[in-house]
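In what follows, a single structure is set out as structure tokens and then discussed.
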Amino acid sequence: MTQRPSPAGRLPFGQVLVALTGIYVSQTLVSGLTFQGIPTWLRAQEMPLDAIGLVMLAMLPWALKFLWAPAVERYRLPAGATRRRSRRIVVLGQAIVIAALVGVAAIGAGAPTPLLAVLIVAALAASTVDIACDAFAVEQLPPDRRGWGNTAQVGGSYLGAIFGSGLFLIVAAKFGWTVAATAMAGLVLVFSVPFWRAREPDRLAETDLSHRPSLLFALRCREVRSGLLVVVLFAFGGRIGMALAGPMLIDVGYDVAKVGLVLGMAGAVVGIVGTFIGGALLRYAGAGRAVAIALVVKAAALALLASAIASGLRDGSILAVLILFMTLAIAMGYVAVYSLLMSLSSPLQAGVDFTIFQSADALLAAVAGYGGSVLAQHHGYGASFGLAGAVAVAAACLVPPLLLRPLARQPEAVL
Numbered sequence: 001m002t003q004r005p006s007p008a009g010r011l012p013f014g015q016v017l018v019a020l021t022g023i024y025v026s027q028t029l030v031s032g033l034t035f036q037g038i039p040t041w042l043r044a045q046e047m048p049l050d051a052i053g054l055v056m057l058a059m060l061p062w063a064l065k066f067l068w069a070p071a072v073e074r075y076r077l078p079a080g081a082t083r084r085r086s087r088r089i090v091v092l093g094q095a096i097v098i099a100a101l102v103g104v105a106a107i108g109a110g111a112p113t114p115l116l117a118v119l120i121v122a123a124l125a126a127s128t129v130d131i132a133c134d135a136f137a138v139e140q141l142p143p144d145r146r147g148w149g150n151t152a153q154v155g156g157s158y159l160g161a162i163f164g165s166g167l168f169l170i171v172a173a174k175f176g177w178t179v180a181a182t183a184m185a186g187l188v189l190v191f192s193v194p195f196w197r198a199r200e201p202d203r204l205a206e207t208d209l210s211h212r213p214s215l216l217f218a219l220r221c222r223e224v225r226s227g228l229l230v231v232v233l234f235a236f237g238g239r240i241g242m243a244l245a246g247p248m249l250i251d252v253g254y255d256v257a258k259v260g261l262v263l264g265m266a267g268a269v270v271g272i273v274g275t276f277i278g279g280a281l282l283r284y285a286g287a288g289r290a291v292a293i294a295l296v297v298k299a300a301a302l303a304l305l306a307s308a309i310a311s312g313l314r315d316g317s318i319l320a321v322l323i324l325f326m327t328l329a330i331a332m333g334y335v336a337v338y339s340l341l342m343s344l345s346s347p348l349q350a351g352v353d354f355t356i357f358q359s360a361d362a363l364l365a366a367v368a369g370y371g372g373s374v375l376a377q378h379h380g381y382g383a384s385f386g387l388a389g390a391v392a393v394a395a396a397c398l399v400p401p402l403l404l405r406p407l408a409r410q411p412e413a414v415l
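According to the UniProt record's numbering, the sequence shown is numbered sequentially starting from 1.
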């Protein structure tokens, strides 16, 4: 039976948390498959790194979704009406994602052009779902409980990574590409059910129902511009490191199944631990200080990894430990960063504002993933990880002074 909405126009907190977790798990399953699972499998089939880098182009819809976010938000929040349509957008989008993953299973790994096309369709649908889902999160999570929501968001994403990279690789190695990709489609279906069962309450009558969501409104806001700077400085180095982690382990002698265990299973466990550490930092230090602490830890992790590679180290076990340390630091940081970014999003168009932040992160993923792959192909992994480490150290120096200024529209979220 559907639970009654709260007086503030919100669903019960537990129902919101479960619904969001399911969507965030399935979203990261798709992106993890594109960003790590498929590139690692293709490398194991001896495809060149610069060719593998083309798969990263399927991340572009995540970077460009801000272009259609205002249209999605205007449909989601029709002018002059109190109803919301987040659920309708999410359910339809998830159905398209499932169909696309069935297409991935049918096409196989031997046809890169059709495979890329289907992955782009999946990314278009998933990124549109993300616009509505993030807006739903900003609206339905009370400000004093967003820390829990961000922990579920990032923790759910690492659980999705178990499936999209680790489990996919393990199943593909044992049963083949078709079975593995079909299993991914089934998991997306299962994780979509809680959101499908949610009945989104209407907006409150006193809400400004005449506002027309737009990019211009967002970019005129100092909060949004400051948030974009934080995203760029925080994400760039880690995106290079995560894009190259799988191919590098293959090149030092790991097989596909072992890479799946490191990046998927172990990486997800470490990432989930990192989300809880990040949640604790949020509670006791606030979003700004938590971001600053995570930046320092991430800079140390990437610097250690870059130094190890530059020294000629090819011990897969040591490199795997350093990669997991990097994963821990990134997870810590994203919990804090997402909490900060939610507080910078306008309640009048939360889907647009938060989408702008995530699009910037996704654009960095595409650019860093492809650029790092090309750099590694021609100059070695040491050059790519050296760049990642240098950017991370620079971010640890530049972001904390920015966070000393008050940025948020409202009090920082706590657990």
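Where a beta carbon is used, it is the ideal one built from N, C-alpha and C, also for glycine.
These figures come from a predicted structure and were not determined experimentally.
State yes or no: is the C-beta of S339 within less than 8 Å of the C-beta of R146? One thing to note: S339 has its Cβ within 8 Å of the Cβ of R146.
Compute the Euclidean distance between the alpha carbons of F168 and S214, then round it to the nearest angstrom. Rounded to whole angstroms, F168 to S214 spans 38 Å at the Cα level.
How long is the line joining the alpha carbons of Q410 and M342, rounded to whole angstroms? Note that Q410 has pLDDT 45, beneath the 50 cutoff, so the model's placement of it is unreliable and no number is given.
Cut-off 6 Å between Cβ atoms - residues of its own chain near V252, not counting five sequence neighbours on either side: The beta carbon of V252 sits closer than 6 Å to those of R314 and G316, all from its chain and outside the five residues before and after it, given in chain order.
Assuming contact is defined by CB atoms lying nearer than 8 Å, are V193 and G312 in contact in what I supplied? Contact annotation: V193 and G312 have beta-carbon atoms that are not nearer than 8 Å.
Relative to the alpha-carbon of A123, which residue among L324, A109, P143 and A100 has its alpha-carbon at the smallest distance? Comparing Cα-Cα distances from A123 to each of L324, A109, P143 and A100, the minimum goes to A100.
Reduced DSSP secondary structure (H/G/I, E/B, other) of Q349: If DSSP states are grouped into helix, strand and coil, Q349 belongs with coil.
When you compare each of R43, G37 and A105 to G166 by their alpha carbons, which one comes out closest? The shortest Cα separation from G166 among R43, G37 and A105 belongs to G37.
I'd like to know whether the C-beta atoms of L244 and L319 end up nearer to each other than 8 Å. Not in contact: L244 and L319 (Cβ atoms no closer than 8 Å).
Among residues of its own chain, excluding the 5 on either side of P400, which ones have a beta-carbon nearer than 7 Å to its beta-carbon? In chain order, A292 place their CB closer than 7 Å to the CB of P400, counting only its own chain and leaving out the 5 sequence neighbours on each side.
Pull up the CB-CB distance for V259 and A181, whole angstroms please, since I reckon it's below 8 Å. About 18 Å; that fails the 8 Å criterion.
According to DSSP, is V252 part of a helix, a strand, or is it coil? The three-state secondary structure of V252, taken from DSSP, is coil.
Simplified DSSP assignment, three categories, for P400: Note: P400 maps to helix in three-state DSSP.
Give me the Cβ distance between I170 and A117, rounded to the nearest whole Å; I'm assuming they're in contact under 8 Å. Between I170 and A117 a beta carbon distance of about 26 Å is seen, past the 8 Å cut, so the two are scored as non-contacting.
Would the stretch 138 to 152 and the stretch 25 to 41 be scored as touching if the rule is three or more Cβ pairs under 8 Å? Touching, no, given that fewer than three Cβ pairs across the two stretches are closer than 8 Å.
DSSP-derived helix/strand/coil call for D315: Looking at D315 - three-state DSSP - the assignment turns out to be coil, as it is neither helix nor strand.
Could you check the C-alpha separation between R239 and F276 for me, to the nearest Å? Looking at the two C-alpha atoms, the distance is approximately 21 Å.
Uninterrupted alpha helix (DSSP H) stretches inside the stretch 23 to 52 (no shorter than 4 residues): Those alpha helix (DSSP H) runs which fall completely within the stretch 23 to 52 and span 4+ residues are 38 to 44 and 49 to 52.
Nearest by alpha-carbon distance to T82: which of H211, A396 and D134 is it? When each option's Cα is compared against that of T82, the closest is H211.
F35 and T355 look like a contact to me (Cβ under 8 Å); what is the Cβ gap, rounded to whole Å? About 19 Å; that fails the 8 Å criterion.
As assigned by DSSP and simplified to three states, the class of G264: Helix at G264.
Could you tell me whether the Cβ atoms of I120 and P61 are closer together than 8 Å? Closer than 8 Å, so yes.
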